[in-house]
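Take a look at the structure below.
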Amino acid sequence: MSMIENLRVIKNQGMNFFLKEQEKKYKCSECDGIICVHNSKCYSCNTQIKDIFF
Ligand SMILES: [Zn+2]
Numbered sequence: 007m008s009m010i011e012n013l014r015v016i017k018n019q020g021m022n023f024f025l026k027e028q029e030k031k032y033k034c035s036e037c038d039g040i041i042c043v044h045n046s047k048c049y050s051c052n053t054q055i056k057d058i059f060f
């Protein structure tokens, strides 16, 4: 996701929508833990998230 795309989403959908989408993206599907932005792995359960792009 590019910065321009981010700004477009914020402008069209609002800041709350954007933050919610980000939250979803950085959340582990296994345990609701936080996903590491560097290796796409969950901090809590170490699950590798494959379909994630930072
Ligand atoms: Zn997890």
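Note that the numbering used here has the sequence shown beginning at 7, numbered continuously upward.
C-beta: ideal position from N, C-alpha, C; glycine also.
These numbers were taken from a predicted model, which means no experiment stands behind them.
As assigned by DSSP and simplified to three states, the class of residue i
i	result
K33	strand
K47	strand
I16	helix
I41	strand
F60	A caution first: F60 carries a pLDDT of 49, below 50, which makes its placement in the model unreliable, though a value can still be read off. Coil at F60, not helix or strand.
Residue i beta carbon near ligand 1 (any heavy atom closer than 6 angstroms)
i	result
C48	yes
G20	no
E36	yes
For this session: Evaluate contact between the region 29-38 and the region 46-53, counting only Cβ atoms and requiring at least three cross-stretch pairs below 8 angstroms.
Result: Yes, the region 29-38 touches the region 46-53.
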